[in-house]
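*Asks:* Residues in the sequence shown are numbered from -1 upward in steps of one, following the working numbering.
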Amino acid sequence: MGSSVARRCLTALAAGAVLCGLVTLPALAATPALPPPAPPAPAPPAEPSCAAVVAGMTPQAKLAQRLVVGVDAADVAGTVATVRDTQVGGIFLGGNATALLKNQALQQVQAVSRVPIAVAVDDEGGRVQRIDDLDGQLPSARSMAKQTPEAVRALAEKRGRQLVARGVTVDYAPSVDVSNQPATAVIGDRSFSNDPAVVTTYAAAFADGLRAAGVTPVFKHFPGHGHSSGDSHKGRVSTPPLDQLRAADLRPYETLPQAKDQVMVGHLDVPGLTTDLPTSLTPAAYALLRDDYRFDGVVVTDDLGAMKAITDRFTVPQAVTKALAAGADQALWSAGGDARPVLTALEKALADGTLDAAANDTAVARVLAGKGTCAR
-1 MGSSVARRCL TALAAGAVLC GLVTLPALAA TPALPPPAPP APAPPAEPSC AAVVAGMTPQ
59 AKLAQRLVVG VDAADVAGTV ATVRDTQVGG IFLGGNATAL LKNQALQQVQ AVSRVPIAVA
119 VDDEGGRVQR IDDLDGQLPS ARSMAKQTPE AVRALAEKRG RQLVARGVTV DYAPSVDVSN
179 QPATAVIGDR SFSNDPAVVT TYAAAFADGL RAAGVTPVFK HFPGHGHSSG DSHKGRVSTP
239 PLDQLRAADL RPYETLPQAK DQVMVGHLDV PGLTTDLPTS LTPAAYALLR DDYRFDGVVV
299 TDDLGAMKAI TDRFTVPQAV TKALAAGADQ ALWSAGGDAR PVLTALEKAL ADGTLDAAAN
359 DTAVARVLAG KGTCAR
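1) From which residue to which residue does the alpha helix (DSSP H) around P315 run?
2) What is the rounded straight-line gap between the Cα of G335 and the Cα of P238?
3) Considering only C-alpha positions, which residue in the set V52, M262, P339 is nearest to A373?
4) What number of angstroms, rounded off, separates the C-alpha of L366 from the C-alpha of P34?
5) What would DSSP say about V340, mapped onto helix, strand or coil?
6) Do you know how far the Cα of M142 is from the Cα of T352?
7) From what residue to what residue does the alpha helix (DSSP H) around Q106 run?
8) On the CB-based measure, 16 or more other CB atoms within 10 Å of its CB, does Q63 come out buried or exposed?
9) Count the other CB atoms, across all protein chains shown, that sit within 10 Å of the CB of R157; report buried if there are 16 or more and exposed otherwise.
10) Consult DSSP for I89 and reduce its assignment to one of helix, strand or coil.
11) Would the stretch 172 to 186 count as touching the stretch 219 to 231 if we require 3 or more Cβ pairs under 8 Å?
12) Is S1 helix, strand or coil by DSSP?
13) On a CA-only basis, which of C48, K258, M262 is nearest Y170? Give me that one, please.
14) Quick one: residues in its chain with C-beta nearer than 8 Å to the C-beta of G124, no 5 flanking neighbours on either side, listed in chain order?
15) Beta-carbon within less than 7 Å of E122's beta-carbon, same chain only, minus the 5 sequence neighbours each way: which residues are those?
16) Can you give me the Cβ contacts of V78 inside the same chain, cut-off strictly under 7 Å, excluding the 5 residues immediately before and after it?
17) Assuming D70 contacts A95 under a Cβ cut-off of 8 Å, what Cβ separation, rounded to an integer in Å, is found between them?
18) Going by the beta-carbon positions, is the gap between K218 and G368 smaller than 7 Å?
19) What's the C-alpha gap between A201 and P37?
20) Buried or exposed for P24, please, with buried defined as at least 16 other CB atoms from any protein chain shown within 10 angstroms of its CB.
21) What residue does the beta strand (DSSP E) around A72 start on, and which one ends it?
22) Assuming A337 contacts V86 under a Cβ cut-off of 8 Å, what Cβ separation, rounded to an integer in Å, is found between them?
23) Could you please give the first and the last residue of the uninterrupted beta strand (DSSP E) stretch that includes Q260?
24) Please go through the same chain and pick out, in chain order, the residues whose beta-carbon is closer than 8 Å to the beta-carbon of F293, but skip the five residues on each side of it.
25) Can you tell which of P57, L61, V113 has the C-alpha that lies nearest to the C-alpha of R82?
26) Output yes or no for whether 7 Å exceeds the beta carbon distance between A304 and A333.
27) Taking the C-alpha atoms as reference points, what is the distance between G270 and L240?
28) Are the CB atoms of L279 and K320 nearer to each other than 7 Å?
29) Along the alpha helix (DSSP H) that carries L366, what are the first and last residues, could you check?
30) Tell me which same chain residues have a C-beta within less than 7 Å of the C-beta of R209, skipping the five on either side of it?
31) In terms of residue numbering, what span does the alpha helix (DSSP H) encompassing K306 cover?
32) How far does the alpha helix (DSSP H) with L240 in it extend, from its first residue to its last?
33) Go ahead and label Q102 buried or exposed: buried means 16 or more other beta carbons lie within 10 angstroms of its beta carbon, across all protein chains shown.
34) Rounding to the nearest angstrom, what Cα-Cα distance links K232 and P46 in this structure?
35) Use the C-beta contact count for A44: other C-beta atoms within 10 angstroms, 16 or more gives buried, fewer gives exposed.
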């Protein structure tokens, strides 16, 4: 191609068409503009702060969240009335009646509670279980320890799903008491083993299963009932000295409880820890759990209304006040279910400084966070 032709082709190319005797090139199309990027998806609403929620509550509403009241599981209407009138933080279903555990009856209770209510049972297995007449037997802890931890986890998850289906949210299990007592003794076969490592392994498996099902596990009976001198249902109970408990009975608490779990404090006299009052009413016992074992979840008392280690000396309002002042987040009682006299006593204690206001707010925040209603 001659130079003049080449120049004409280049000129034509610049103009968008080429005539060189061989081919015609179409004009180049403009590149279409890209659409603007889609706006980012809105962030989910932030979970409210528990401190802010607590700040908006009345003193009575705060105190009510710190109570777990025993109710008659045969009396659906009475339980609904108790929760509607007092707005307690939790109810405990004991005994053998099952009306509240059938026909979605607990939905009626939840419907009248302004804050989701914790529904607690004792369902360890063996001698201590709650839905055996409805959903079948659960083996004792000592029997479960003859299986693999994986099998125990699966067993607990299945049981947890049965509990959730009936409206239960909290299980006062597993027992992490380290014990070689005879099977029928106060702890006995409720303990997985006399070896703290075995107890820790199997209690962890049981708790994992409950969590997977959506049930809150409760480790008990801090600081250790397994080598006690008797039964706190019947009177005062002594344990080995604190140093001995640290070497064995307390070891499961080094690793087991997670932030949204609970720990139950027993009614125990512990040399080196308690003096004239049992652990459930002694500030040093709660300090031991918080400071030495770094637990910042909900701490609940053992039953303050049906165990002579407490009732031989105190009324329910007195015992609840002492327990909350000592450091419990929640006080449990199974007998004498009227919460109103207790709330009256607690309001007086809060007003006169027997209950510290800041500590009260902290405890209520723990309770609400444990229910998943706000973020700490």
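Note that CB positions come from ideal geometry on N, CA and C, so glycine has one too.
Bear in mind that the values here come from a model prediction, so they are computed numbers and not experimental data.
*Replies:* Checking against the coordinates, here is how it stands:
1) The residue you call residue 315 lines up with position 317 of the sequence shown. First-last of the alpha helix (DSSP H) with P315: 314 to 324.
2) Residue mapping note: residue 335 aligns to position 337 of the sequence shown, counting from 1. Residue mapping note: residue 238 aligns to position 240 of the sequence shown, counting from 1. Each residue's alpha carbon lies about 34 Å from the other.
3) On the sequence shown, residue 373 is found 375 positions in, with the first residue counted as 1. Ranking V52, M262, P339 by Cα distance to A373 puts V52 first.
4) Numbered from its first residue, the sequence shown carries residue 366 at position 368. Numbered from its first residue, the sequence shown carries residue 34 at position 36. Rounded to whole angstroms, L366 to P34 spans 44 Å at the Cα level.
5) Indexing the sequence shown from 1 puts residue 340 at position 342. Reduced to three states, the DSSP call for V340 is helix.
6) Taking the sequence shown and counting its residues from 1, the one referred to as residue 352 is at position 354. Taking the sequence shown and counting its residues from 1, the one referred to as residue 142 is at position 144. For T352 and M142, the distance between alpha carbons rounds to 44 Å.
7) What you label residue 106 is simply residue 108 of the sequence shown in a count that begins at 1. Here the alpha helix (DSSP H) through Q106 covers 103 to 109.
8) Numbered from its first residue, the sequence shown carries residue 63 at position 65. The residue in question, Q63, is buried, as its Cβ has 16 or more Cβ neighbours within 10 Å.
9) Residue numbering aside, residue 157 sits at position 159 when the sequence shown is read from its first letter. Classification of R157: buried, given that the 10 Å Cβ count is 16 or more.
10) Walking along the sequence shown from the start, residue 89 turns up at place 91. Residue state, collapsed to three classes: strand.
11) yes
12) Looking up residue 1 in the sequence shown gives position 3. Only weak support exists for where S1 lies, its pLDDT of 44 falling under 50; the coordinates are left without a value.
13) As a working note, residue 170 is residue 172 in the sequence shown. That would be M262, whose Cα lies nearest to the Cα of Y170.
14) Within the sequence shown, numbered from 1, the residue matching residue 124 stands at position 126. Only L136, P137, S138, A139, R140, S141, D187, R188 meet the Cβ criterion.
15) Your numbering for residue 122 matches position 124 in the sequence shown. Same-chain partners within the cutoff: A139, A171, P172, S173, R188.
16) In the sequence shown, the residue the question calls residue 78 occupies position 80. Result list for V78: Q106, V107, V110, in chain order.
17) Against the sequence shown, residue 70 aligns to sequence position 72. Against the sequence shown, residue 95 aligns to sequence position 97. 7 Å between Cβ atoms; contact.
18) For the purposes of this step, residue 218 is taken as residue 220 along the sequence shown, with counting starting at 1. For the purposes of this step, residue 368 is taken as residue 370 along the sequence shown, with counting starting at 1. Not a contact, by the Cβ cut-off of 7 Å.
19) Your numbering for residue 201 matches position 203 in the sequence shown. Your numbering for residue 37 matches position 39 in the sequence shown. Approximately 48 Å, taken between the alpha carbons.
20) Within the sequence shown, the letter at position 26 stands for residue 24. Its pLDDT being 49, under 50, P24 is placed unreliably in this model, and the value from its coordinates should be taken loosely. Classification for P24: exposed.
21) By one-based count along the sequence shown, residue 72 stands at place 74. That residue, A72, is in no beta strand (DSSP E); it is neither H nor E in DSSP.
22) Along the sequence shown, read from residue 1 onward, the residue named residue 337 stands at position 339. Along the sequence shown, read from residue 1 onward, the residue named residue 86 stands at position 88. Correct: roughly 5 Å between the Cβ atoms.
23) Translated into the one-based positions of the sequence shown, residue 260 becomes position 262. Note, Q260: beta strand (DSSP E), 260 to 263.
24) Position 295 of the sequence shown, counted from the first residue, corresponds to residue 293. Taken in chain order, the residues that qualify are Y251, P255, V261, L287.
25) If you number the sequence shown from 1, residue 82 lands on position 84. Of the candidates P57, L61, V113, the one whose C-alpha sits nearest the C-alpha of R82 is V113.
26) Along the sequence shown, read from residue 1 onward, the residue named residue 304 stands at position 306. Along the sequence shown, read from residue 1 onward, the residue named residue 333 stands at position 335. Yes, they are a contact pair.
27) Looking up residue 270 in the sequence shown gives position 272. Looking up residue 240 in the sequence shown gives position 242. Cα-Cα distance, rounded: 5 Å.
28) Here residue 279 is taken as the residue at index 281 of the sequence shown, counted from 1. Here residue 320 is taken as the residue at index 322 of the sequence shown, counted from 1. Yes, the Cβ-Cβ distance between L279 and K320 is below 7 Å.
29) Numbered from its first residue, the sequence shown carries residue 366 at position 368. Start and end: 355 to 369.
30) The residue you call residue 209 lines up with position 211 of the sequence shown. Answer for R209: P215, listed in chain order.
31) In the sequence shown, residue 306 corresponds to position 308, counting from 1. Unbroken alpha helix (DSSP H) run through K306: 306 to 309.
32) Taking the sequence shown and counting its residues from 1, the one referred to as residue 240 is at position 242. Where L240 is concerned, the enclosing alpha helix (DSSP H) stretches over 240 to 245.
33) On the sequence shown, residue 102 is found 104 positions in, with the first residue counted as 1. Result: exposed.
34) Counted from its first residue, the sequence shown places residue 232 at position 234. Counted from its first residue, the sequence shown places residue 46 at position 48. Each residue's Cα considered, the two are about 44 Å apart.
35) Position 46 of the sequence shown, counted from the start, is the residue given in the question as residue 44. Per the 10 Å Cβ criterion, exposed.
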